[in-house]
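Written out below as structure tokens is the structure these notes cover.
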Ligand code: DOR
Ligand code: ZN
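Numbering (my numbering), first residue to last: 83 to 504.
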């Protein structure tokens, strides 16, 4: 791996304490030095003036759809979207077909990833067999096979008994159970946020309390057994309030939210129909404001996409029949950078939420520019304007409410372990 000298980028890694254009020297797949007037002999010179250099992001909530739903996404195409979005590491959820509920299936994921993943790819294992909520999986064997965490994400785990036992058996690993927090009874027939708009449109709603009920239950179970629960895709102001209170009470709980919940409201359904259908649903302006505030203050620990690809024909069905979910990895950084532009988050917040915290929780390589660290980073052009079209997206599916929109800011190069992948 040849020596490379990248000149002129502004390095926004907080660990290196620099916020000015400088030079980055790569050697042998590692960051060799960060600074000024670094030795250029024998190095390929890369001009990065006007660009931002940032440590690779970790997207701890994605759906790769392989095996079983390769018409929606594969590990190859999903990780291509990750690479283009500045995401160096992904965690894939277990709701594939078959479900990743046995050690052989965890091993199968890593074999597939070895052949086709463009970024570092890890899988989550299921908590219940077949994600049926009836019988617990072999927690220890899944972890030994390399599961990065356990979750039945995609469906609520309604059995408090299984959740409690899983929390107990996860304890030696220090890893969380990832909770898809929705009360299954309360959301069963719902297709959007419950409120004035769902009543106006005549759709059955998914009430905010459904989310809050299950995350409080899981927090109580974690408190009871001294376990660790992580709440997926937080979408309501009430959830944020409960998470804040649980943390203050010393309960081991962390949480994530996703770009759609800090930028879009349920109004999007009137404009975009099924393209705006996601689970949990888009909520109200007060909920969006709460997500922004909670990400800033750390009540929400990390951001993730919940990248959930669906084929075009599936989203083109009537609203109440269409599947839930948005693709997200191509766009997450660009959209989050919009909050930096608005002054809601700093660049350091962005790195904390998208890289440092998820890497810490899941024991992944902590991306920094410290000399000796793996050269896992990207260059981002904050001024580049581009159009979101099927041609500019790398995911196999294009079910994003940002389709057709113009956005500002895009990754222009990305290295993993010193290898240029974009
Ligand atoms: O919108 C969603 N789509 N939410 C989930 O929890 C699951 C996901 C999927 O797998 O399609
Ligand atoms: Zn999910």
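Beta carbons: idealized from backbone N, C-alpha and C, even for Gly.
Bear in mind the structure is a predicted one, so any value in this text is a computation, not a measurement.
Asked, Found
"Using beta-carbon positions only, say whether residue 368 and residue 319 come within less than 9 angstroms of one another.", "yes"
"At a cut-off of 8 angstroms, would you count residue 407 as near the ligand DOR, judging by its Cβ distance to the nearest heavy atom?", "yes"
"Report buried or exposed for residue 200, applying the criterion of at least 16 other Cβ atoms within 10 angstroms of its Cβ.", "buried"
"Quick one: what's got a C-beta closer than 6 angstroms to residue 162's C-beta in the same chain, skipping five residues either side?", "200 and 476"
"If you drop the 5 nearest sequence neighbours on each side, which residues of the same chain put their C-beta closer than 7 angstroms to that of residue 272?", "286, 287 and 288"
"On the CB-based measure, 16 or more other CB atoms within 10 Å of its CB, does residue 342 come out buried or exposed?", "buried"
"Between which residues of its own chain and residue 496 is the CB-CB distance below 8 angstroms, once the five residues before and five after are set aside?", "138, 165, 166, 168, 170, 459, 460, 461, 502, 503 and 504"
"Which residues does DSSP list as the beta-bridge partners of residue 288?", "275"
"Taking 7 angstroms as the limit between beta carbons, can you name the residues of its chain near residue 238, skipping five residues before and five after?", "262, 264, 265, 266 and 296"
"Give a single yes or no on whether residue 190 has its beta carbon closer than 8 angstroms to a heavy atom of the ligand ZN.", "no"
"For residue 249 versus residue 207, is the C-beta distance shorter than 9 angstroms?", "no"
"In chain order, what residues of the same chain have a beta carbon less than 6 angstroms from the beta carbon of residue 124, not counting five sequence neighbours either side?", "85"
"Between the alpha carbons of residue 211 and residue 499, how many angstroms are there, rounded?", "36 angstroms"
"Is residue 392 near the ligand ZN, judged by its Cβ being under 8 angstroms from some heavy atom?", "no"
"Extract the residue ranges of the alpha helix (DSSP H) inside the segment 376–455, only unbroken runs of 4 or more that lie entirely within it.", "394–397, 414–423, 429–433 and 439–443"
"Can you find a heavy atom of the ligand DOR that lies under 8 angstroms from the Cβ of residue 360?", "yes"
"Can you give the Cα-Cα distance for residue 260 and residue 204, rounded to whole angstroms?", "14 angstroms"
"Can we say the segment 112–131 touches the segment 418–433, given the rule of at least three CB pairs closer than 8 angstroms?", "no"
"Need the endpoints of the beta strand (DSSP E) that residue 493 sits in, please.", "488–498"
"Using a threshold of 8 angstroms, is the CB atom of residue 79 nearer than that to any non-hydrogen atom of the ligand ZN?", "With the chain covering 83 to 504 only, the question about residue 79 has no answer from this structure."
"Quick check: the Cα distance between residue 524 and residue 89, rounded to an integer number of angstroms?", "The chain is shown from 83 up to 504; residue 524 falls before or after that span and cannot be answered."
"Under 8 angstroms: do the segment 179–193 and the segment 136–154 share three or more Cβ pairs, one atom per stretch?", "yes"
"Roughly how many angstroms lie between the CA atoms of residue 520 and residue 426, to the nearest whole one?", "Past the edges of the chain, shown from 83 to 504, lies residue 520, and the structure says nothing about it."
"What is the rounded straight-line gap between the Cα of residue 226 and the Cα of residue 187?", "12 angstroms"
"Under 8 angstroms from any heavy atom of the ligand DOR, does the C-beta of residue 213 make it?", "no"
"Check the DSSP bridge columns for residue 502 and list the partner residues they point to.", "497"
"How many Å lie between residue 443 and residue 347 at the Cα?", "29 angstroms"
"Can you give me the C-alpha to C-alpha distance between residue 247 and residue 236, rounded to a whole angstrom?", "20 angstroms"
"Going by beta carbon distance, what residues of the same chain come within less than 7 angstroms of residue 439, once the five residues before and after it are set aside?", "383 and 384"
"Would you tell me roughly how many angstroms separate the C-alpha atoms of residue 414 and residue 240, rounded to the nearest one?", "30 angstroms"
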